[in-house]
Structures are given as C-alpha cells and as structure tokens.
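What follows is a single structure, written as structure tokens, with notes after it.
In my numbering, the protein residues as written are 326 to 471.
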C-alpha cells in the first residue's frame, strides 16, 4: 500500500482518484480553506489534517513520512487568465512551500498538478527544483475536453 500525503488538498480530488485505482491510502492532507477542510473531514474522517502549508510539517517530521506527496499548488499567477506573475506571484509562489515540504518529508514519489500554462510560466523552475531535491521527472498535459 502506497501512503499518500496531500498538499493544497482542496476537496480531495487527487486522493480520491489515487485511492480508486487501488493500492493508495491517504494518511494526511493540508488545506487552508475552511469549507474544503470540512469536505475532507467528511470523506476522510480518520486522516490527519493541517491548515497551512507554510507551517507544515510540525515536529517531529518523521510522523508525517509517506511514500507519495501530491498536490496542485495555486495556479492564479500561472494561468493565462491571470496577470502572469508566474512562480514569483504570491499564490503560485507557494510552489516553493510544496518543495520545502518535499525536502523535509522525502517521499519516494511526488505528483504535481497545475494548469497547462505552467509549461511556459514556470515548468523549468518546478523541474529544476525537483532535480535539486534528487527527483527525476516526467510530465504531460491532459486535455480536459477528452
């Protein structure tokens, strides 16, 4: 069983998809939005939760170890609908908190989700950060229309 920790969990879409494939079990979630946390609590009542990626993980870090960290960090500064600040924006810049958590927890696998605009507004930085942490990466863009 692959254990999963979720950053920017939202209402748990990534976790739900992973668990429905079989072989994955969510062990913690980080989500700042109160409504989303209530949804997570309803569907994963026995999973530990934390409210803010910027203060996660609390000590001792070993209690938060997992095999896979997944998450979709905020896209507002990356999306073509936004101002285009990219990873230097206040929201999308939370990617660096994602990376900090990965560096501390050291999962075997990392699954990052974001909008297609990341391909031109920050993918090189994301891949470079993952490489600096010792991870190899593969990526793809999925068309929501299919």
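Backbone N, C-alpha and C fix where the C-beta goes; we use that ideal spot for every residue, glycine too.
Given the structure is predicted, the values throughout are model-derived calculations rather than measurements.
Run of the beta strand (DSSP E) containing residue i, from where it starts to where it stops
i           : result
residue 389 : Per DSSP, residue 389 belongs to no beta strand (DSSP E) and is neither H nor E.
residue 330 : 327-332
residue 354 : 349-355
residue 434 : 434-437
Rounded straight-line distance, which links the Cα of residue j to that of residue i
i           : j           : result
residue 456 : residue 470 : 31 Å
residue 354 : residue 330 : 6 Å
residue 426 : residue 444 : 23 Å
residue 434 : residue 393 : 5 Å
residue 358 : residue 459 : 31 Å
residue 410 : residue 453 : 18 Å
residue 422 : residue 360 : 22 Å
residue 372 : residue 364 : 12 Å
residue 342 : residue 432 : 19 Å
residue 385 : residue 442 : 36 Å
residue 344 : residue 397 : 17 Å
residue 420 : residue 401 : 12 Å
Where the alpha helix (DSSP H) through residue i begins and ends
i           : result
residue 419 : Neither: residue 419 is in no alpha helix (DSSP H) and is coded neither H nor E.
residue 365 : 359-368
residue 448 : 448-457
Residue i and residue j closer than 8 Å at C-beta
i           : j           : result
residue 328 : residue 352 : yes
residue 430 : residue 389 : yes
residue 440 : residue 403 : yes
residue 395 : residue 339 : yes
residue 377 : residue 412 : no
Secondary structure of residue i, DSSP reduced to three states
i           : result
residue 343 : helix
residue 378 : helix
residue 427 : helix
residue 396 : strand
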